[in-house]
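Below is one structure, written out as structure tokens; comments come after it.
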């Protein structure tokens, strides 16, 4: 644990922001305040944050349908995101994108993505651009275990390998390809062992532990920055919610989520590690909890009160010029 | 007749056809819905619940959970069909057809023609489509015009529970590849459905209601929007023919042209953008074939040339509505 106090506080604040953001959405969706299809990231926070704390604003990421955590971790404005989820005119994407399409070009966030496996080809392209720009930039795709079975994902990893691109492929294995078990849909021993077949340096790591994620990513991002070519990582993780909000989750084990919440909660694990090591106190962490709680509450109030888009906006921004 | 939902009619059809013909197999993402999961295998039965109960009855050999691999699913269905099976593949959202387009447009659609009439590809690709649930740009599209434009593919779009059964039965027994569009807002729609074997032939439109002043042609969810619009004008003495083509390929051109010759006016309603659309196709057909019967310009009511937006207010602005259709009927009837 060689992180400075501010870095630890920042990491915890980010993880907690994601957790509270998602918990808030979970409640609001049940009430019917927020429409559309929403997929929550709760339980996987250590990965988004452990990864993105190693990236710069000028680095690129692509995300998934379960993208809120990646957006927050990469620095998307939380209030702008909340407004987007509420479908407001001044949301991050003017209310046009919604949950599955949150993006912010200013912080290198190239979009959540409604297409499983849609992100890795785009990250590969962004890595090509970064290589041509030659400023040490990298591009990284987040993907679930489900995405590793898409053809375009295979194709992009091969392209990255032959072009020696500064791209990083992050696989968050939360055990479920939507509702179907990952062990069934992935024929190889692991995602990592399959990716190695593309000639890409790949590691497997514990996604419940922020510190392990952070350390692994530090090495991989450095390799990509140094021009050593693409790399990949498979993180073991869990999701606390269903595939989508409203999912009955009857395909999961009876006490699975309860067990994960008790024993594999990355935020609890972080707290006990830093307090046991005397790096941060419970008071320090509680203070952050309160600040985050206020931020989410404020974001929700502002989003609820924000104006909705006017109907003529439906045809704006289809093109730059037409 | 039995009262059931559009969803239940589809489920019943799959059960009947799998029992009828052992070559019928079902495959797709989560169609068993839990293979390899602790609470599985049969937990979900498709995200819209259409394939429920099939696994328990027909087993893992014929009801197959697939990885998230849309190109692979479409291609596996096409190849199995070429080799004598009758696969019914599910692509969860019609937007994901983008991922399997090569297998559809370059493979399945063209086998019979390229191979000199010596091959058949009796596959069905079922998929959910349509806007209205704030599912945003990549889960709300209606790409039926794209596949209707491909020679070799047939395209069915049921708007009622009875048609869901009749058209799916026909699609499964048909020897050509069919793309079968199920509107996601219609799964809960109730209706009377004939029991036992029930086939609705492809290329035969349904006359939803008859009138004298205007012809409305619409598919899927837009059919009921047209009914609402027409009903709201009954008190004004305006009546409409409402035609649901049921299949956009083959298209019942005669039914459309006969109706336009009778009413002299045509409005086509579809929930896609307007360019190179089904609406434009039907409008062009009438303009070129029954021009002299027309008393007013042909109108289309479609979405704008934009993706489907997320916010409720924008999605409503995108979609045709009974009110928008009513306004266009009034204008068309008033024209002359």
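Chains as they are written, first to last, in the working numbering: chain G, 480 to 801; chain D, -10 to 325.
Beta carbons are placed, not taken as given, at the ideal position from N, Cα and C, and that holds for glycine.
Source: prediction; values computed, not measured.
As an exercise, report each continuous alpha helix (DSSP H) stretch of at least 4 residues that is fully enclosed by the stretch 725 to 798 of chain G, in chain order.
735 to 742, 745 to 755, 761 to 784
Beta-carbon separation (whole angstroms), residue 693/G vs residue 532/G, contact threshold 8 Å:
Approximately 6 Å separates the beta-carbon atoms of residue 693/G and residue 532/G; this is inside 8 Å, confirming the contact.
I need the DSSP call for residue 179/D, collapsed to helix, strand or coil.
strand
Residue 683/G lies in the beta strand (DSSP E); which residues open and close that run?
680 to 685
Can you tell me whether DSSP reads residue 99/D as helix, strand or coil?
coil
For residue 7/D and residue 182/D, which I take to be in contact (beta-carbon distance under 8 Å), what is that distance rounded to the nearest angstrom?
Not quite, the Cβ-Cβ distance comes to about 18 Å (not below 8 Å), so this is no contact.
Mind checking which residues open and close the beta strand (DSSP E) that includes residue 331/D?
Residue 331/D falls outside the range modelled here, since chain D spans only -10 to 325, and no answer is possible.
Take the Cβ of residue 104/D as the centre, count every other Cβ of all protein chains shown within 10 Å, and call the residue buried at 16 or more, exposed below.
By the neighbour-count rule (16 or more Cβ atoms within 10 Å), residue 104/D is not buried but exposed.
So, for residue 2/D: in the same chain, excluding its five sequence neighbours on each side, which residues have a beta-carbon less than 6 Å away from its beta-carbon?
Closer than 6 Å at the Cβ level, and outside the excluded window around residue 2/D, lie 154, 157, 158.
Best match in 749/G, 751/G, 656/G, 769/G for proximity to residue 718/G [C-alpha to C-alpha]:
Residue 656/G holds the alpha-carbon nearest to the alpha-carbon of residue 718/G among 749/G, 751/G, 656/G, 769/G.
Evaluate the contact criterion for the stretch 588 to 602 of chain G versus the stretch 619 to 637 of chain G: three or more CB pairs, one atom per stretch, below 8 Å.
yes
Between residue 332/D and chain G, is any beta-carbon pair separated by less than 8 Å?
The structure shown does not extend to residue 332/D, since chain D spans only -10 to 325, so no value can be given for it.
On a Cα-Cα basis, can you pick out the residue from 798/G, 674/G, 641/G that is closest to residue 632/G?
674/G
Those runs of the beta strand (DSSP E) which lie wholly inside the stretch 606 to 664 of chain G and span at least 3 residues:
618 to 623, 646 to 652
Can you check which of these residues, 202/D, 189/D, 114/D, is closest to residue 83/D by C-alpha distance?
114/D
Relative to the C-alpha of residue 791/G, which candidate in 573/G, 506/G, 686/G, 663/G has its C-alpha closest?
573/G
Is it right to say residue 643/G is buried, meaning 16 or more other beta carbons lie within 10 angstroms of its own, or is it exposed?
exposed
Please classify residue 273/D as buried or exposed, where buried requires at least 16 neighbouring CB atoms within 10 angstroms.
exposed
Identify the residues that DSSP records as bridge partners of residue 171/D: which are they?
Bridge partners of residue 171/D: 117/D.
Chain D within 8 Å of residue 506/G, Cβ atoms only
no
Is the CB-CB distance between residue 55/D and residue 16/D below 8 Å?
Closer than 8 Å, so yes.
In this structure, does DSSP put residue 17/D in helix, strand or coil?
strand
Give me, in chain order, the residues of the same chain whose beta-carbon lies closer than 6 Å to that of residue 603/G; leave out the 5 immediate sequence neighbours on both sides.
635, 638, 639, 646
Our contact map puts residue 731/G next to residue 26/D with C-beta atoms below 8 Å; I'd like the distance itself, whole angstroms only.
7 Å
Cβ of residue 530/G within 8 Å of Cβ of residue 493/G?
Between residue 530/G and residue 493/G, the C-beta spacing is not below 8 Å.
Using DSSP with H/G/I as helix, E/B as strand and the rest coil, what is residue 550/G?
helix
Apply the 10 Å Cβ neighbour rule to residue 688/G and answer buried if 16 or more other Cβ atoms are within range, or exposed otherwise.
buried
In whole angstroms, what separates the C-alpha of residue 481/G from that of residue 618/G?
25 Å
Can you tell which of 490/G, 491/G, 517/G has the C-alpha that lies nearest to the C-alpha of residue 502/G?
517/G
Measure from the alpha carbon of residue 286/D to the alpha carbon of each residue in 295/D, 300/D, 317/D, 264/D, then state which is nearest.
Out of 295/D, 300/D, 317/D, 264/D, 317/D has the C-alpha closest to the C-alpha of residue 286/D.
Is residue 126/D near residue 118/D, with beta carbons less than 8 Å apart?
no
On the DSSP bridge assignment, give the partners of residue 143/D in chain order.
167/D
Starting from the N-terminal side, write out each stretch of the alpha helix (DSSP H) that is 4 residues or longer and does not extend beyond the stretch 177 to 256 of chain D.
211 to 220, 242 to 252
Alpha carbons only, please: which of 142/D, 191/D, 135/D, 214/D is nearest the one belonging to residue 270/D?
135/D
Using alpha carbons as the reference points, say which of 50/D, 141/D, -1/D, 11/D lies closest to residue 35/D.
-1/D
How would you list, in chain order, the residues of chain D whose beta-carbon sits under 8 Å from the beta-carbon of residue 594/G?
84, 85, 87, 88, 127
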